[in-house]
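The structure appears below as C-alpha cells.
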Amino acid sequence: MKRRTLLASGAAAALSTAFGAPLRAQEKTKVGFIYVGPINDGGWTQYHHHSAGEMVTHFGDSVELVYQESVPEGPDAERAMTQMALGGADIIFTTSFGFMDPTINVAAKFPNVKFEHATGYKSAENVSTYSARFYEGRAIQGHLTGKMTKTNKVGYIASVPIPEVVRGINSAYLHASKVNPDVEFKIIWIFEWLNPAKEADAAKALIEQGCDVILQHTDSTAPHAAAREAGNVYTFGQAADMAEYGPMPRISSIIDNWAPYYIERVQAVMDGTWTTSNRWDGIGTGMVGIGEISDAVPADIKAEAEAMRDAIADGSYHPFTGPINKQDGSVWLAEGEVADDGALAGLNFYVEGVDGDIPS
Amino acid sequence: MGDINIIFLLAAVIVASTPILLAAIGELVVERAGVLNLGVEGMMITGAVCGYIAGHETSSAVAGFAGAAVGGACVAAIFGVLTLFLLTNQVATGLALTLFGVGLAAMVGQGYSTDTQVLVPKLAIPLLSDIPAIGHIFFKHDLLVYISIALVAAVGYFLRHTRGGLVLRAVGENHEAAHALGYNVRLIRFGAILFGGACAGIGGAYISLVRVPQWTDGITAGAGWIALAIVVFASWKPGRLVAGAYLFGGVTALQLNLQATGLAIPVEYLSMSPYIATIVVLVVLSGSRGPGSLGKTFHASR
Numbered sequence: 001m002k003r004r005t006l007l008a009s010g011a012a013a014a015l016s017t018a019f020g021a022p023l024r025a026q027e028k029t030k031v032g033f034i035y036v037g038p039i040n041d042g043g044w045t046q047y048h049h050h051s052a053g054e055m056v057t058h059f060g061d062s063v064e065l066v067y068q069e070s071v072p073e074g075p076d077a078e079r080a081m082t083q084m085a086l087g088g089a090d091i092i093f094t095t096s097f098g099f100m101d102p103t104i105n106v107a108a109k110f111p112n113v114k115f116e117h118a119t120g121y122k123s124a125e126n127v128s129t130y131s132a133r134f135y136e137g138r139a140i141q142g143h144l145t146g147k148m149t150k151t152n153k154v155g156y157i158a159s160v161p162i163p164e165v166v167r168g169i170n171s172a173y174l175h176a177s178k179v180n181p182d183v184e185f186k187i188i189w190i191f192e193w194l195n196p197a198k199e200a201d202a203a204k205a206l207i208e209q210g211c212d213v214i215l216q217h218t219d220s221t222a223p224h225a226a227a228r229e230a231g232n233v234y235t236f237g238q239a240a241d242m243a244e245y246g247p248m249p250r251i252s253s254i255i256d257n258w259a260p261y262y263i264e265r266v267q268a269v270m271d272g273t274w275t276t277s278n279r280w281d282g283i284g285t286g287m288v289g290i291g292e293i294s295d296a297v298p299a300d301i302k303a304e305a306e307a308m309r310d311a312i313a314d315g316s317y318h319p320f321t322g323p324i325n326k327q328d329g330s331v332w333l334a335e336g337e338v339a340d341d342g343a344l345a346g347l348n349f350y351v352e353g354v355d356g357d358i359p360s
Numbered sequence: 001m002g003d004i005n006i007i008f009l010l011a012a013v014i015v016a017s018t019p020i021l022l023a024a025i026g027e028l029v030v031e032r033a034g035v036l037n038l039g040v041e042g043m044m045i046t047g048a049v050c051g052y053i054a055g056h057e058t059s060s061a062v063a064g065f066a067g068a069a070v071g072g073a074c075v076a077a078i079f080g081v082l083t084l085f086l087l088t089n090q091v092a093t094g095l096a097l098t099l100f101g102v103g104l105a106a107m108v109g110q111g112y113s114t115d116t117q118v119l120v121p122k123l124a125i126p127l128l129s130d131i132p133a134i135g136h137i138f139f140k141h142d143l144l145v146y147i148s149i150a151l152v153a154a155v156g157y158f159l160r161h162t163r164g165g166l167v168l169r170a171v172g173e174n175h176e177a178a179h180a181l182g183y184n185v186r187l188i189r190f191g192a193i194l195f196g197g198a199c200a201g202i203g204g205a206y207i208s209l210v211r212v213p214q215w216t217d218g219i220t221a222g223a224g225w226i227a228l229a230i231v232v233f234a235s236w237k238p239g240r241l242v243a244g245a246y247l248f249g250g251v252t253a254l255q256l257n258l259q260a261t262g263l264a265i266p267v268e269y270l271s272m273s274p275y276i277a278t279i280v281v282l283v284v285l286s287g288s289r290g291p292g293s294l295g296k297t298f299h300a301s302r
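Residue numbers (the numbering used here), protein chains in the order written: chain A, 1 to 360; chain B, 1 to 302.
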C-alpha cells in the first residue's frame with residue numbers, strides 16, 4: 001500500500017471512529033479475510049475464499065471484500081491484520097488456528113473492528129470464534145475406511161498436533177475399528193498445513209507400508225495423486241470436494257461450507273447487532289458437507305454411511321458416544337455417555353487402540 | 001509394526017533429493033562466478049509452474065522440463081540485468097526475485113490446478129535394473145535423476161579441468177583481476193546466472209511433474225532455501241554437494257518413513273539435524289572460504 005493511501009485510509013478510519021456508527025452505516029461494509037494459504041490451494045483456504053465470494057454475491061454492492069493470502073502464522077500475521085484494520089475493515093475473519101494470539105492482540109488495539117477467528121478458543125469483546133465439527137465427517141470416513149480396507153492398514157497424514165486434528169484421528173479410528181476390529185492406523189505428522197511435496201512423500205511411505213486407505217488432514221491434493229499412481233488405494237477429499245480425483249481414489253470428502261455463517265455475521269455487522277459468540281456447527285447446519293460417495297463404494301456400504309450422516313445431522317447420533325477408553329486403557333466415556341464440547345475442544349489424547357504418541 | 005523397507009527408503013531419498021540437488025548445482029556455479037543469487041526459491045517455483053504448463057499442453061515430459069529451464073532462466077535473466085548492468089544489491093535483488101517468482105507462479109498457474117497429470121517415463125537401465133536391491137535403488141528412476149548426477153559430474157569437471165572453468169572461477173575469486181586480464185566479467189556472470197536459473201527451474205519442475213505430480217501454489221515449499229544452504233554446506237565443491245543434497249533429502253524421507261512404521265522418534269531433532277550439520281561444517285571448515293568476490297558488485301571503472 002502506498003504511504004499516501006495508507007495515511008488517507010488511516011484518517012478515514014480515525015474519522016469514522018470519531019463519528020461512530022451513523023457515518024459508517026451509509027458506507028459499504030468492508031469485510032477482510034486473512035488466509036494462511038493461497039486461494040487456489042484446492043482445500044482449506046480455497047473454500048474459505050469460495051465462501052467469502054458467496055457472501056459477496058449475497059450482499060452485492062453493499063460489501064467490499066479485502067483479503068490477504070499466504071499469511072504466515074506468527075508475528076507477520078499481526079502486521080497483516082493491523083494493516084487491514086487501518087484500511088477501514090469493519091469485520092476481519094482470520095482463518096487459521098495459528099492466528100489466534102495475533103487476532104487477540106490486534107483486536108485489543110481496534111475495539112471498533114469486529115474479529116472472527118476460525119478454529120481457536122480465545123475470544124474477547126470484539127473477537128468471536130467459529131469452527132466446524134469436522135469430526136462428524138471423520139466418523140463417516142472412518143466407517144467407509146473400516147469397510148473398504150483389505151490390508152487393515154490405514155494411513156493418516158496429520159498436520160499440526162492441535163485438538164482439532166486429534167479429534168479427527170480419534171473419530172475416524174473409533175468408527176473404523178467399530179466395523180473392523182483389526183484395523184490399524186499409521187499416522188504421519190508433517191507439522192504443516194500445506195506442503196504438497198511432503199504430503200506426496202508421506203502418502204508414498206504409507207502406501208509402501210501396506211496402507212490401502214489414506215486419510216489426510218492436510219490441504220493439498222498431492223496424496224490423491226500418489227494414491228492414483230499406486231492403484232488400489234482409497235482417499236478422501238479434505239476441506240474441498242476434490243472430485244477431480246473421483247471415483248477412484250477419492251471415494252468421499254469433507255467439504256467446508258462457511259458461506260451461511262459469513263453471511264449471517266456480516267449481516268449482524270450491518271445491522272449493528274454483532275456480539276461476540278462461539279459457534280461450532282456440524283453436518284446439521286451444513287457447515288460440514290459430506291461429498292458424494294463415489295461408485296467405487298458398494299451400494300450397501302454407501303447406504304450405511306449415508307444413514308450415519310443423516311443420524312448425525314438430526315442429532316440422534318453423536319460420534320463420541322461411550323463406552324470409549326483413553327489410549328492408556330482408562331475410562332473416558334462410560335456406556336451411553338456423550339462427550340461434552342469442553343472436553344472435545346481441548347482433546348489431547350488418543351483413544352484406545354491408536355498407536356503412538358501425539359507430538360508435543 | 002512393520003519395518004522400514006531399506007530399498008524403498010533409499011529410492012524415496014533419491015526422489016526427495018533430486019530437486020534440491022538440481023537447484024543447488026546451478027546455484028553453485030552462480031556463486032563460483034561471484035554472484036550470490038538468493039532467488040533460488042522464486043526460480044524453482046517459476047520452473048515448476050512453467051514445466052507443468054508446458055508438459056500439460058504438449059503431453060510431453062521433455063517439453064515440460066525444457067519449458068521449466070526456459071522459465072527459470074527468464075526469471076534469472078531479470079536478476080542478471082538488475083545486478084550486473086543496473087548494479088543493484090545482490091542480496092536485496094535475490095530476495096525480491098523470490099517474492100516475485102512465487103507471485104508470478106501463482107498468477108500463471110491459475111486454472112492449472114490439480115486435475116491433470118503429465119507422466120514422465122521412468123528410464124530403467126536394462127540389465128543393471130535387474131540386479132536385486134541395488135537395481136531397484138539406483139537404476140529404476142526417471143531420467144532426471146541420472147541427468148542430475150551427470151550434471152554434477154560435468155560441472156565438477158568443467159570447474160576443475162577446463163579453461164572455461166578456470167576463467168569462471170577467476171571471475172568469482174577476483175573480478176577486478178579477471179577484468180584486467182581482459183575477461184568479460186559481466187558476460188560470464190550473466191551466463192552463469194542463466195545456467196543457475198535453468199537448473200533451478202528444472203529442479204522445480206521435478207517436483208511438479210514427478211514428485212507430487214501436480215501444480216499447487218507454494219509447491220516448492222522452501223526447497224530453494226535448502227538448496228542455498230547445501231551450497232554453503234558443500235563449501236562450494238560439487239562432490240560434497242551430492243552428499244549434502246542426499247543428507248537433506250534423506251532426513252525428510254527418513255522421518256516420514258519412521259513415522260509410517262510407528263517408531264516413536266522425536267521428529268523435531270531429525271528435522272533440524274541437517275541444519276546443525278551445516279553449522280558444524282561451517283565451523284569445522286572455517287578455513288575454506290567462499291569465492292573471493294562473492295556478493296560484491298562489479299563495475300569496470302572502479
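We put the CB at the ideal spot given by N, CA and C, even for glycine.
(request) Using DSSP bridges, identify the partner residues of A:Glu-116. (result) Position 116 of the first sequence, counted from the start, is the residue given in the question as residue 116 of chain A. Partner residues in the beta bridge of A:Glu-116, as assigned by DSSP, are A:Phe-93 and A:Ser-128.
(message) One question on the structure: do A:Gln-327 and A:Val-288 come within less than 8 angstroms of each other, judged by their Cβ atoms?
(response) Taking the first residue of the first sequence as position 1, residue 327 of chain A is located at position 327. Taking the first residue of the first sequence as position 1, residue 288 of chain A is located at position 288. Cβ atoms of A:Gln-327 and A:Val-288: not closer than 8 angstroms.
(request) Under 9 angstroms between beta-carbons, which chain B residues line up against A:Ser-70? List them in chain order, please. (result) Start at 1 with the first residue of the first sequence, and residue 70 of chain A comes out as number 70. In chain order: Val-102, Ala-106, Asp-217 and Gly-218.
(message) Excluding the 5 residues flanking A:Asp-182 on each side, which residues of the same chain have their C-beta closer than 7 angstroms to its C-beta?
(response) Residue numbering aside, residue 182 of chain A sits at position 182 when the first sequence is read from its first letter. Around A:Asp-182: Asn-152.
(message) Please identify the residue among A:Gln-46, A:Ala-240, A:Arg-250 and A:Ala-239 whose C-alpha is closest to the C-alpha of A:Glu-229.
(response) Looking up residue 229 of chain A in the first sequence gives position 229. Residue A:Arg-250 holds the alpha-carbon nearest to the alpha-carbon of A:Glu-229 among A:Gln-46, A:Ala-240, A:Arg-250 and A:Ala-239.
(request) Check distances from the C-beta atoms of the segment 212 to 240 of chain A to those of chain B and list, in chain order, the residues that come in under 7 angstroms. (result) Considering only beta carbons, the part of the segment 212 to 240 of chain A lying closer than 7 angstroms to chain B consists of Ser-220, Thr-221, Ala-222 and Ala-225, in chain order.
(request) Report the partner residues of A:Glu-184 according to the DSSP bridge assignment. (result) Position 184 of the first sequence holds residue 184 of chain A. DSSP, once it has assigned bridges, lists A:Lys-153 as partnering A:Glu-184.
(request) Taking A:Lys-122 as the query, report the chain B residues whose CB atoms sit under 9 angstroms from its CB, ordered along the chain. (result) Taking the first residue of the first sequence as 1, we reach residue 122 of chain A at position 122. Per Cβ cutoff of 9 angstroms: no residues; A:Lys-122 is ~25 angstroms from chain B at best.
(request) Grab the span of the alpha helix (DSSP H) containing A:Ile-254 for me, first residue to last. (result) Stepping through the first sequence from its first residue, residue 254 of chain A is reached at position 254. Careful: A:Ile-254 lies outside any alpha helix (DSSP H), inside the beta strand (DSSP E) at 250 to 256.
(request) At 7 angstroms on the CB atoms, spell out the chain B contacts of A:Asn-195, in chain order. (result) Walking along the first sequence from the start, residue 195 of chain A turns up at place 195. Ordered by position in chain B, the residues that pass the 7 angstroms Cβ test against A:Asn-195 are Ala-221.
(message) Give me the chain B residues within the contact set of A:Glu-208, using Cβ-Cβ distance strictly less than 7 angstroms, ordered along the chain.
(response) Sequence index remark: in the first sequence, residue 208 of chain A carries index 208 (1-based). Taking a Cβ-Cβ cut-off of 7 angstroms, the neighbours of A:Glu-208 in chain B comprise Asn-5 and Phe-8, given in sequence order.
(request) Could you tell me the boundaries of the alpha helix (DSSP H) in which A:Asp-201 lies? (result) What you label residue 201 of chain A is simply residue 201 of the first sequence in a count that begins at 1. It spans 196 to 208 - the alpha helix (DSSP H) in which A:Asp-201 sits, taken as one unbroken run.
(message) Using a Cβ-Cβ cutoff of less than 6 angstroms, which residues in the same chain neighbour B:Leu-256 once the five nearest sequence positions on both sides are dropped?
(response) Mapped onto the second sequence, residue 256 of chain B falls at position 256. Within the same chain, B:Leu-256 has no close Cβ partners at all.
(message) So with CB distances below 8 angstroms, who are the chain A contacts of B:Ile-207?
(response) Within the second sequence, residue 207 of chain B is the residue found at index 207, counting from 1. Pro-196 and Ala-197, listed in chain order.
(message) Please identify, using Cβ separations under 7 angstroms, the residues of the segment 38 to 52 of chain A that lie next to chain B, in order along the chain.
(response) Among the residues of the segment 38 to 52 of chain A, those with a Cβ less than 7 angstroms away from any Cβ of chain B are Pro-38, Asn-40, Asp-41 and Gly-42, in the order of the chain.
(message) On the DSSP letters alone, give me the boundaries of the beta strand (DSSP E) that A:Lys-30 sits inside.
(response) For the purposes of this step, residue 30 of chain A is identified with residue 30 of the first sequence, where counting begins at 1. It spans 29 to 34 - the beta strand (DSSP E) in which A:Lys-30 sits, taken as one unbroken run.
(request) For B:Asn-257, go through chain A and note every residue whose CB falls closer than 7 angstroms to its CB, in chain order. (result) Locating residue 257 of chain B in the second sequence gives position 257, where the first residue counts as 1. Chain A residues near B:Asn-257: Ala-205.
(request) Return the first residue and the last residue of the alpha helix (DSSP H) that B:Trp-225 is part of. (result) Taking the second sequence and counting its residues from 1, the one referred to as residue 225 of chain B is at position 225. It spans 223 to 233 - the alpha helix (DSSP H) in which B:Trp-225 sits, taken as one unbroken run.
(request) Determine, using beta carbons only, whether A:Gly-155 and A:Asn-180 come nearer to each other than 8 angstroms. (result) For the purposes of this step, residue 155 of chain A is taken as residue 155 along the first sequence, with counting starting at 1. For the purposes of this step, residue 180 of chain A is taken as residue 180 along the first sequence, with counting starting at 1. No, Cβ-Cβ distance for A:Gly-155 and A:Asn-180 is not below 8 angstroms.
(request) Pull up the distance between the alpha-carbon of A:Trp-274 and that of A:Met-81, whole angstroms please. (result) In the first sequence, residue 274 of chain A corresponds to position 274, counting from 1. In the first sequence, residue 81 of chain A corresponds to position 81, counting from 1. Each residue's alpha carbon lies about 20 angstroms from the other.
(message) So, for A:Phe-59: in the same chain, excluding its five sequence neighbours on each side, which residues have a beta-carbon less than 7 angstroms away from its beta-carbon?
(response) Locating residue 59 of chain A in the first sequence gives position 59, counting from the first residue. Excluding residues within five positions, the ones whose Cβ falls inside 7 angstroms are Val-266.
(request) Could you pull out every residue in the same chain whose Cβ sits closer than 7 angstroms to the Cβ of B:Met-1, ignoring the five residues on either side in sequence? (result) Mapped onto the second sequence, residue 1 of chain B falls at position 1. Here B:Met-1 scores only 40 on pLDDT, less than 50, and its place in the model should not be relied on; the value that follows carries that caveat. Its chain contains Thr-261 and Gly-262 as the residues whose beta carbon lies nearer than 7 angstroms to that of B:Met-1, once the 5 sequence neighbours on both sides are disregarded; these appear in chain order.
(message) Please return the same chain residues whose Cβ sits closer than 8 angstroms to the Cβ of A:Ser-252, not counting the five positions on each side in sequence.
(response) Within the first sequence, the letter at position 252 stands for residue 252 of chain A. For A:Ser-252, where only same-chain residues beyond five positions count, the Cβ hits under 8 angstroms are Ile-140, Gln-141, Leu-144, Phe-236, Gly-237, Ile-290, Gly-291, Glu-292, Ile-293, Ser-294, Val-297 and Ala-305.
(request) Along the beta strand (DSSP E) that carries A:Asp-41, what are the first and last residues, could you check? (result) Your numbering for residue 41 of chain A matches position 41 in the first sequence. The continuous stretches of beta strand (DSSP E) do not include A:Asp-41, and DSSP gives it neither H nor E.
(message) Does chain B have any CB closer than 8 angstroms to the CB of A:Lys-150?
(response) Taking the first residue of the first sequence as 1, we reach residue 150 of chain A at position 150. It does not: the Cβ of A:Lys-150 has no partner Cβ on chain B nearer than 8 angstroms.
(request) Would you verify that the beta carbon of A:Lys-326 is, or is not, closer than 8 angstroms to some beta carbon of chain B? (result) The count along the first sequence starts at 1 and reaches residue 326 of chain A at position 326. For A:Lys-326, no Cβ of chain B is located within less than 8 angstroms of the residue's own Cβ.
(message) Suppose the cutoff is 6 angstroms on Cβ atoms and the five residues either side in sequence are ignored; what does the same chain contact list for A:His-175 look like?
(response) As a first step, residue 175 of chain A is located in the first sequence; it is residue number 175 there, counting from the start. Within the same chain, A:His-175 has close Cβ partners Ala-139, Gly-142 and His-143.
(request) Can you give me the start and stop residues for the alpha helix (DSSP H) that A:Ala-227 sits inside? (result) Numbered from 1 along the first sequence, position 227 holds the residue referred to as residue 227 of chain A. It spans 222 to 230 - the alpha helix (DSSP H) in which A:Ala-227 sits, taken as one unbroken run.
(request) Pick out whichever of A:Met-148, A:Phe-110 and A:Arg-133 has its Cα sitting closest to the Cα of A:Lys-302. (result) Along the first sequence, one-based indexing puts residue 302 of chain A at 302. With respect to the C-alpha of A:Lys-302, the residue from A:Met-148, A:Phe-110 and A:Arg-133 having the closest C-alpha is A:Met-148.
(message) A:Val-233 and A:Ile-214 - do their beta-carbons sit closer together than 8 angstroms?
(response) Position 214 of the first sequence, counted from the first residue, corresponds to residue 214 of chain A. Position 233 of the first sequence, counted from the first residue, corresponds to residue 233 of chain A. The criterion of a C-beta distance shorter than 8 angstroms is satisfied by A:Ile-214 and A:Val-233.
(message) Can you find the residues in the same chain that come closer than 6 angstroms, C-beta to C-beta, to A:Ala-203, ignoring five residues on each side of it along the sequence?
(response) Indexing the first sequence from 1 puts residue 203 of chain A at position 203. Closer than 6 angstroms at the Cβ level, and outside the excluded window around A:Ala-203, lie Ile-214, Pro-223 and Ala-226.
(request) Let me know if B:Arg-169 comes out buried or exposed under the rule of 16 or more other beta-carbons within 10 Å of its beta-carbon. (result) The residue given as residue 169 of chain B occupies position 169 in the second sequence. That one is buried.
(message) Assess contact between the segment 188 to 202 of chain B and the segment 73 to 83 of chain B, defined as three or more Cβ pairs (one per stretch) separated by less than 8 angstroms. Is contact present?
(response) Touching, yes.
(request) Taking a Cβ distance cut-off of 7 angstroms, strictly less, list which residues of the segment 275 to 304 of chain A are near chain B, in chain order. (result) Here the close residues number zero.
(request) Go ahead and pull the three-state DSSP assignment for A:Lys-326. (result) One-based indexing of the first sequence puts residue 326 of chain A at position 326. Correct three-state label for A:Lys-326: strand.
(message) Could you give the first and the last residue of the continuous beta strand (DSSP E) run that contains A:Tyr-64?
(response) One-based indexing of the first sequence puts residue 64 of chain A at position 64. The question names Tyr, yet the displayed sequence has Glu at residue 64 of chain A. Unbroken beta strand (DSSP E) run through A:Glu-64: 63 to 68.
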